[in-house]
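All remarks here apply to the structure that follows.
Protein chains: 2
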Amino acid sequence: MSTVLTRIEDWNAVAASLGRDCVLGLVPTMGSLHEGHGALLEEARRRCSVVVASIFVNPIQFDQRSDYDRYARTLEDDVAFCKARGVDYVFEPSEREMYPERQRTFVEVEELSQHLCGAHRPGHFRGVATVVLKLFHIFQPHFALFGEKDYQQLSIVKRLVRDLNLRLEVVGVATVRESDGLAMSSRNRRLSSRERLLAPRLHQALMAARELVAGGETCPAAIRERALAILAGVPEIRPEYFDLVDAEGLQPVRVVDAPVRAAAAVWIGNTRLIDNVLCVPPAITKPQGK
Amino acid sequence: MSTVLTRIEDWNAVAASLGRDCVLGLVPTMGSLHEGHGALLEEARRRCSVVVASIFVNPIQFDQRSDYDRYARTLEDDVAFCKARGVDYVFEPSEREMYPERQRTFVEVEELSQHLCGAHRPGHFRGVATVVLKLFHIFQPHFALFGEKDYQQLSIVKRLVRDLNLRLEVVGVATVRESDGLAMSSRNRRLSSRERLLAPRLHQALMAARELVAGGETCPAAIRERALAILAGVPEIRPEYFDLVDAEGLQPVRVVDAPVRAAAAVWIGNTRLIDNVLCVPPAITKPQGK
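Quick note, the sequences are listed as chains P and F, same order. For any residue, its number in my numbering is found by taking its place in the first sequence, counting from 1, and adding 1228. For any residue, its number in my numbering is found by taking its place in the second sequence, counting from 1, and adding 1228.
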């Protein structure tokens, strides 16, 4: 049974009753839950004695109000989803509960927010980092779980935790995909049936980059060109970015001589989708002398 | 007996041994301790079962490297000072311990950092807020104590704690002054004997503002002019700012119809001094009908 909490003070009462040996896992979400979140909840369940899922569509991370308004809200389904996965507490606060007064304090993770989505969504990661830090303070979890689909977000939260001396472990969980490769996302349900058929091209483009790197291609521009060719010629798809970045600092690489992350965003009709894959050069795949 | 700790992991070992009913007080300082810090430590001692004083000259809050280099470091005296006041632990980390890699994550408190010192020391309060948040995460204190002399800093830390849902109480402690009114400050020891004689003028100017407000003057420009006249005519003193701001948001007021903070910074020779006082209009000093 999951208990639904809407007030921070309700959680405080729960927290006061938890034993000192409790291991707390937090899965911060914006609701509209799917199997990608399911994997986060299951990993949390494996590691922790108490699992909290938060459901909060965070207004300060939306650069466009229309995107915030259109963001799917499916609370009843989400609570049922959490119950089915053995979540102990669902935290579903109002905007007023999270922001009782106008937020003046913001957290920024420089450099890591500079490229990829950060370059196209001004203030987005500032809003994410700020709400995540608020949730960390409210729940004081031992583990916080985030999906690798939002790789930049995951990297930023990991860096925030290290830079600010927070006492918790950030766990990244592998992207869950549909059978045709499309990464699970709340935004997928906005796609028309034709758009849904086209959407796996994003993953195909990334996998092409992965194969090129595995085959020894080291030039990012060449890889990018070949990957973008997969997205070209389909008027419904407009690539926003396609980049190869180093896995830690998320800076575009000049030459692929170490594992990199290929990350991309595309617009399909009015829906923006993101995805990323790890690309490993052959020298690292097969260490020499073995 | 105060125990000196230089590593975060040393503190972690101490923290693990503290009972659940321990009430922890943190007094963050940059060392060079004086009776102003003494008042903070005594207030911490009154409220808490365990008192930690941190001594760390925080490089990321200095807008000028020369100011950082010149900042007085008197560690042996500081430890003796803490011992004499019953501090339990002195935390005195290296720069490497606090910043093992280049800091990428920064906390900013908008609006409250905009005026007063914030307008003249770019990045200063960002550096303060960031290191204070790191210390809060390291120590997880129940109380953190800051002096009212640094009123803008105190206001920013209070707001940060509220905005980020931190579970601790920020306590402001009244400014401690020399007998001639000069606010205690580590920077006072840089003053030449002639500068030291002139320094109380800063407090006199603020007290003049306080008296004008108490006498019914409501025009900030008029108050400012009269206060600045006290600083004028002394070539060694160069005012940096003199403002009347609302006590919460630290925005300059247009009319003094509620309690305000008069705050000022002056340069005396090569030394920058700040101070502030509360100014209360007469209608509030003597409520009508009483």
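Think of the CB as a built atom: it goes at the ideal place given N, C-alpha and C, for glycine as much as any other residue.
Local conformation of residue i per DSSP, three classes
{"i": "Cys1507 of chain F", "result": "strand"}
{"i": "Glu1468 of chain P", "result": "strand"}
{"i": "Val1488 of chain F", "result": "strand"}
{"i": "Ala1460 of chain P", "result": "coil"}
{"i": "Val1430 of chain F", "result": "For the record, residue 1430 of chain F in the displayed sequence is Leu; it is not Val. Here Leu1430 of chain F sits in helix by DSSP."}
{"i": "Thr1302 of chain F", "result": "coil"}
{"i": "Arg1405 of chain F", "result": "strand"}
{"i": "Tyr1296 of chain P", "result": "helix"}
{"i": "Gln1380 of chain F", "result": "helix"}
{"i": "Gly1266 of chain F", "result": "helix"}
{"i": "Gly1517 of chain P", "result": "Only weak support exists for where Gly1517 of chain P lies, its pLDDT of 46 falling under 50; the value from the coordinates is given anyway. Here Gly1517 of chain P sits in coil by DSSP."}
{"i": "Leu1363 of chain P", "result": "helix"}
{"i": "Ala1475 of chain P", "result": "coil"}
{"i": "Pro1448 of chain P", "result": "helix"}
{"i": "Glu1329 of chain P", "result": "coil"}
{"i": "Ser1277 of chain F", "result": "coil"}
{"i": "Pro1350 of chain P", "result": "coil"}
{"i": "Ser1282 of chain P", "result": "strand"}
{"i": "Met1258 of chain P", "result": "coil"}
{"i": "Ser1245 of chain F", "result": "helix"}
{"i": "Asp1238 of chain P", "result": "helix"}
Beta-carbon proximity check, residue i vs residue j, cutoff 7 Å
{"i": "Thr1302 of chain F", "j": "Ser1341 of chain F", "result": "no"}
{"i": "Ala1281 of chain F", "j": "Val1318 of chain F", "result": "yes"}
{"i": "Arg1387 of chain F", "j": "Val1337 of chain F", "result": "yes"}
{"i": "Leu1394 of chain F", "j": "His1365 of chain P", "result": "yes"}
{"i": "Ser1230 of chain F", "j": "Cys1345 of chain F", "result": "no"}
{"i": "Trp1239 of chain P", "j": "Leu1246 of chain P", "result": "no"}
{"i": "His1370 of chain P", "j": "Leu1252 of chain P", "result": "yes"}
{"i": "Arg1500 of chain P", "j": "Tyr1379 of chain P", "result": "no"}
{"i": "Met1435 of chain P", "j": "Glu1263 of chain P", "result": "no"}
{"i": "Phe1334 of chain P", "j": "Thr1358 of chain P", "result": "yes"}
Cβ of residue i within 7 Å of any chain F Cβ
{"i": "Leu1261 of chain P", "result": "no"}
{"i": "Ile1283 of chain P", "result": "no"}
{"i": "Leu1394 of chain P", "result": "yes"}
{"i": "Phe1334 of chain P", "result": "yes"}
{"i": "His1365 of chain P", "result": "yes"}
{"i": "Ala1241 of chain P", "result": "no"}
{"i": "Cys1507 of chain P", "result": "no"}
Any C-beta of chain P under 7 Å from that of residue i
{"i": "Phe1290 of chain F", "result": "no"}
{"i": "Leu1361 of chain F", "result": "yes"}
{"i": "Gln1331 of chain F", "result": "yes"}
{"i": "Asp1391 of chain F", "result": "yes"}
{"i": "Lys1518 of chain F", "result": "Because the pLDDT of Lys1518 of chain F is 41, which lies under 50, any placement of that residue in the model is unreliable, and the number read from its coordinates should be weighed accordingly. Chain P contact via Cβ: absent."}
{"i": "Val1337 of chain F", "result": "yes"}
Residue environment, residue i, which counts as buried when at least 16 other CB atoms sit within 10 Å
{"i": "Gly1461 of chain F", "result": "exposed"}
{"i": "Val1483 of chain P", "result": "exposed"}
{"i": "Cys1276 of chain F", "result": "buried"}
{"i": "Asn1504 of chain F", "result": "buried"}
{"i": "Ser1420 of chain P", "result": "exposed"}
{"i": "Gln1289 of chain P", "result": "buried"}
{"i": "Cys1250 of chain F", "result": "exposed"}
{"i": "Ala1450 of chain F", "result": "exposed"}
{"i": "Asn1498 of chain P", "result": "exposed"}
{"i": "Cys1447 of chain F", "result": "exposed"}
{"i": "Pro1463 of chain P", "result": "exposed"}
{"i": "Gly1517 of chain F", "result": "Legend: pLDDT at Gly1517 of chain F = 46, less than 50; position of this residue unreliable, value from coordinates given subsequently. Counting Cβ neighbours within 10 Å, Gly1517 of chain F comes out exposed, since fewer than 16 surround it."}
{"i": "Ala1559 of chain P", "result": "With chain P covering 1229 to 1518 only, the question about residue 1559 of chain P has no answer from this structure."}
{"i": "Gln1381 of chain F", "result": "buried"}
{"i": "Arg1429 of chain P", "result": "buried"}
{"i": "Leu1410 of chain P", "result": "buried"}
{"i": "Pro1256 of chain P", "result": "buried"}
{"i": "Arg1452 of chain P", "result": "buried"}
{"i": "Gly1400 of chain F", "result": "buried"}
Identity of the residues DSSP links to residue i by a beta bridge
{"i": "Ile1496 of chain P", "result": "P:Ile1465, P:Thr1499"}
{"i": "Glu1338 of chain P", "result": "Answer is none; Glu1338 of chain P lacks a bridge partner."}
{"i": "Thr1231 of chain F", "result": "F:Tyr1317"}
{"i": "Phe1371 of chain F", "result": "F:Gly1253, F:Glu1397"}
{"i": "Ala1411 of chain P", "result": "P:Arg1405"}
{"i": "Pro1480 of chain F", "result": "F:Val1473"}
Min CB distance residue i to chain C below 7 Å
{"i": "Leu1388 of chain F", "result": "No chain C is present in this structure, whose protein chains are P and F."}
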